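Heads up: the sequence shown runs through residues 1 to 232, numbered per the working numbering.
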Amino acid sequence: MNDAGTAAAGITLRPAAPADAMAIGAVFDAAVRAGWSYLGDLAAEPMFTPQDWDQLVADHLPPRVLLVAVGEPDGIVGYTAVHPEDGEMFLLFVHPAHAGRGVGRALLAAAHDTLRAAGCRETFLFVHEHNERALAVYTAAGYRPDGSDRISDFRGTRLRELRLVKQLYAGTHSRLPTRDSTSSDHQPSGTRPMFMNRNRKQADSAATTRSQARASNSRTLRGGVHHGNDRA
Numbered sequence: 001m002n003d004a005g006t007a008a009a010g011i012t013l014r015p016a017a018p019a020d021a022m023a024i025g026a027v028f029d030a031a032v033r034a035g036w037s038y039l040g041d042l043a044a045e046p047m048f049t050p051q052d053w054d055q056l057v058a059d060h061l062p063p064r065v066l067l068v069a070v071g072e073p074d075g076i077v078g079y080t081a082v083h084p085e086d087g088e089m090f091l092l093f094v095h096p097a098h099a100g101r102g103v104g105r106a107l108l109a110a111a112h113d114t115l116r117a118a119g120c121r122e123t124f125l126f127v128h129e130h131n132e133r134a135l136a137v138y139t140a141a142g143y144r145p146d147g148s149d150r151i152s153d154f155r156g157t158r159l160r161e162l163r164l165v166k167q168l169y170a171g172t173h174s175r176l177p178t179r180d181s182t183s184s185d186h187q188p189s190g191t192r193p194m195f196m197n198r199n200r201k202q203a204d205s206a207a208t209t210r211s212q213a214r215a216s217n218s219r220t221l222r223g224g225v226h227h228g229n230d231r232a
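As structure tokens, then:
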């Protein structure tokens, strides 16, 4: 299921294309309105511009992966993004109108398969401490808190995100570095893994520079899985 595959009845997974950017943004906006009540009135407003969604797709060219779940006749109903260079489960969102169809579980399984294929033995993610649905889904999938968190400010609202980790192979140890609450959106604390080449480092550095102006907004993209507990 790394490149494409059948998720649930009538749902297909495939790599995202540039033309998918606006549909991906629409899924995000719908999920936030339905599930991020802890942001208050902020959740009712679009958080990102069309250019931000274009950039998200551009930032997930190989070796990074951005998969979309497509259903007929609705089009894109969910998506997930992973970063094999450090093992991060970066994003997973499902449109609330499609909760309970197995879309979230299929996307999560595909994300794990992708990370395993890249040689990752452990994956991690950040999720808001009050996102109960996401916490329940990830707990059921084998994720556990590692005791660290990340504190940030989004338009005057304090956000605390918990770091969850999952072993992708039973009885093995991770090669991932430890991340702390001050980590930037695209950089783990400390140095990146040695297997990353110079070109990848340069590309990430350029991407970080471009994103500084919207760093506060982009933090909200993390850990915000929206799908309902065992109904995902």
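No residue lacks a Cβ here, since even glycine has one placed at the ideal position from N, Cα and C. Keep in mind the model is a prediction, meaning the values are calculated, not measured.
Quickly, what does DSSP pair Asp311 with across the bridge? List them, please. The structure shown has nothing for residue 311, since the chain only spans 1 to 232.
List the residues that DSSP assigns as beta-bridge partners of Met89. On the sequence shown, residue 89 is found 89 positions in, with the first residue counted as 1. Answer is Val82.
Please look up how many angstroms separate the CB atoms of His95 and Val77, rounded, as I've assumed it's under 8 angstroms. Within the sequence shown, numbered from 1, the residue matching residue 95 stands at position 95. Within the sequence shown, numbered from 1, the residue matching residue 77 stands at position 77. Confirmed, Cβ separation roughly 5 angstroms.
Just mark Arg64 as buried or exposed, buried being the case when its beta carbon has 16 or more other beta carbons within 10 Å. Taking the first residue of the sequence shown as 1, we reach residue 64 at position 64. Looking at its Cβ environment, which holds 16 or more other Cβ atoms inside 10 Å, Arg64 is buried.
Ile11 and Val103: beta carbons closer than 7 angstroms? Translated into the one-based positions of the sequence shown, residue 11 becomes position 11. Translated into the one-based positions of the sequence shown, residue 103 becomes position 103. In this structure, Val103 lies closer than 7 angstroms to Ile11 by Cβ.
For the putative contact between Ala69 and Leu107, defined by C-beta atoms under 8 angstroms, what is the C-beta separation to the nearest angstrom? Counted from its first residue, the sequence shown places residue 69 at position 69. Counted from its first residue, the sequence shown places residue 107 at position 107. Contact flag correct, Cβ pair sits at about 6 angstroms.
Between Leu162 and Asp149, how many whole angstroms is the CB-CB distance? I'm expecting something under 8 angstroms. By one-based count along the sequence shown, residue 162 stands at place 162. By one-based count along the sequence shown, residue 149 stands at place 149. Right, the Cβ-Cβ distance comes to about 5 angstroms (below 8 angstroms), so this counts as a contact.
If you follow the beta strand (DSSP E) that Gly156 is part of, which residue opens it and which one closes it? Within the sequence shown, the letter at position 156 stands for residue 156. Premise fails: Gly156 is in no beta strand (DSSP E) and is neither H nor E.
Which first and last residues belong to the alpha helix (DSSP H) in which Ala141 is found? On the sequence shown, residue 141 is found 141 positions in, with the first residue counted as 1. Neither: Ala141 is in no alpha helix (DSSP H) and is coded neither H nor E.
Cβ-based burial, Glu72 [other Cβ within 10 Å; buried from 16]: Residue mapping note: residue 72 aligns to position 72 of the sequence shown, counting from 1. Label assigned to Glu72: exposed.
Would you please state the rounded distance, in angstroms, between the beta carbons of Glu88 and Leu125? I believe it to be under 8 angstroms. Mapped onto the sequence shown, residue 88 falls at position 88. Mapped onto the sequence shown, residue 125 falls at position 125. So it is a contact: roughly 7 angstroms between Cβ atoms.
Start-to-end residues for the beta strand (DSSP E) that takes in Leu67: What you label residue 67 is simply residue 67 of the sequence shown in a count that begins at 1. Residues Val65 to Gly71.
Cβ-based neighbour list, Ala81, same chain, cut-off 6 angstroms, excluding 5 preceding and 5 following: For the purposes of this step, residue 81 is taken as the residue at position 81 of the sequence shown. Excluding positions up to five away in sequence, the list reads His60, Leu66, Phe90 and Leu91.
Cutting at 6 angstroms between CB atoms, please list the residues of its own chain near Glu129, excluding the five before and the five after it. As a first step, residue 129 is located in the sequence shown; it is residue number 129 there, counting from the start. These residues qualify, in order along the chain: Arg160 and Leu162.
Mind reading off the beta-carbon distance from Phe93 to Ala9? Whole number of angstroms is fine, and I expect it under 8 angstroms. As a first step, residue 93 must be located in the sequence shown, where it is residue number 93. As a first step, residue 9 must be located in the sequence shown, where it is residue number 9. Contact flag wrong, Cβ pair sits at about 20 angstroms.
Which same chain residues end up closer than 6 angstroms to Tyr143 when comparing Cβ atoms and leaving out the 5 residues on each side of it in sequence? Along the sequence shown, one-based indexing puts residue 143 at 143. The answer, listed in chain order, is Leu164 and Lys166.
Rounded to a whole number of angstroms, what is the C-alpha to C-alpha distance between Thr139 and Ala58? What you label residue 139 is simply residue 139 of the sequence shown in a count that begins at 1. What you label residue 58 is simply residue 58 of the sequence shown in a count that begins at 1. Distance between the alpha carbons of Thr139 and Ala58 is about 31 angstroms.
In three-state terms, what does DSSP make of Gly25? For the purposes of this step, residue 25 is taken as the residue at position 25 of the sequence shown. Helix.
Buried versus exposed, by CB contacts within 10 Å (16 or more), Cys120: For the purposes of this step, residue 120 is taken as residue 120 along the sequence shown, with counting starting at 1. Counting Cβ neighbours within 10 Å, Cys120 comes out buried, since at least 16 surround it.
7 angstroms Cβ shell around His83 - same chain, five flanking residues per side excluded: Start at 1 with the first residue of the sequence shown, and residue 83 comes out as number 83. Answer for His83: Arg64 and Phe90, listed in chain order.
Thr49 - DSSP class collapsed to helix/strand/coil: Numbered from 1 along the sequence shown, position 49 holds the residue referred to as residue 49. Thr49: coil per DSSP, three-state reduction.
Tell me whether the beta-carbon of Asp54 lies closer than 7 angstroms to the beta-carbon of Ala21. Working through the sequence shown from its first residue, we reach residue 54 at position 54. Working through the sequence shown from its first residue, we reach residue 21 at position 21. Contact flag set, yes.
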